[in-house]
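Each residue of the sequence shown is one higher than the last, beginning at 980 in my numbering. C-beta: ideal position from N, C-alpha, C; glycine also.
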Amino acid sequence: YPVITNGRFGSDDNYLLPVKQIEDSGVEVYNTDRGGDLTFHGPGQLVSYPIINLRDFNLGAKAYINSLEQVIINSLGEYGITSDRREAYPGVWTNGQKIASIGVAVKNGITVHGSALNVSTDLNSFSLIVPCGISDVVVTSMEKVLGTQVSMDEVIKSYAKNFESVFNTTLIKENGPV
């Protein structure tokens, strides 16, 4: 944290600076086994990596991704932010700008990795990469869209509530704000 992760479909061409220079600036870089291309993770993001057995939810990978998108779409709606999904590009979009990234992997029906919703993220950090491998993508955040500060704790509560609703489940609270 901060970190750039490269998914299974990522290209080194999507780093806009040499990786060594990015790492020297204090940003860690990792190759991962999740789907997708490059993305940035840093302070101000709600990162959710659910670990669930898709068989327990009667879901395939595509339906699972759609469900994660729906959790975020519903959560953003509670803040008056209209958003949608794009078939070819997993994630959530508002006014043509990407507000959340999704990259998952499924191993023996068990999910790993997940989503990152930009709440109050420093969007300048995305200038180190071609986000998600989409050359003309503009990345945004809840705070940028709303023009005001947003409570991360409240976004987490909204996300948890919507996760329970979309997946028809109850989250187990351990250590953390949920």
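Fill in: Boundaries (first-last residue) of the alpha helix (DSSP H) holding Ser968
The structure shown does not extend to residue 968, since the chain is modelled only from 980 through 1157, so no value can be given for it.
Discussion item. I'd like the span of the beta strand (DSSP E) that includes Ser1027, first residue to last.
Written reply: Run containing Ser1027: Gln1024 to Ser1027, per the beta strand (DSSP E) assignment.
Worksheet item: Where do the N-terminal and C-terminal ends of the beta strand (DSSP E) with Leu1125 fall, by residue?
Response: Taken as a continuous stretch (DSSP letters only), Leu1125 belongs to no beta strand (DSSP E), being part of the alpha helix (DSSP H) at Met1121 to Leu1125.
Item to complete: Classify Thr1106 as buried or exposed, calling it buried when 16 or more other Cβ atoms lie within 10 Å of its own Cβ.
Response: The residue asked about is misnamed: residue 1106 is Ser in this sequence, not Thr. The residue in question, Ser1106, is exposed, as its Cβ has fewer than 16 Cβ neighbours within 10 Å.
Worksheet item: Distance, Cα to Cα, Phe1019 vs Lys1123?
Response: About 17 Å.
Item to complete: Inspect the CB distances between the region 985-1002 and the region 1098-1116 and report whether three or more fall short of 8 Å.
Response: Contact between the region 985-1002 and the region 1098-1116 is present, because at least three Cβ pairs lie under 8 Å.
Worksheet entry | For Asn1045, the three-state DSSP class (helix, strand or coil) | Here Asn1045 sits in helix by DSSP.
Worksheet item: In chain order, what residues of the same chain have a beta carbon less than 7 Å from the beta carbon of Arg1065, not counting five sequence neighbours either side?
Response: Excluding its 5 nearest sequence neighbours in each direction, Arg1065 has C-beta neighbours in its own chain below 7 Å: Trp1072, listed in chain order.
Worksheet item: Between Asn1147 and Asn1053, is the Cβ-Cβ spacing less than 8 Å?
Response: 8 Å or more divides the Cβ of Asn1147 from the Cβ of Asn1053.
Worksheet item: Are Val1085 and Leu1033 touching if we call contact CB-CB under 8 Å?
Response: Taking 8 Å as the cut-off, the Cβ atoms of Val1085 and Leu1033 count as close.
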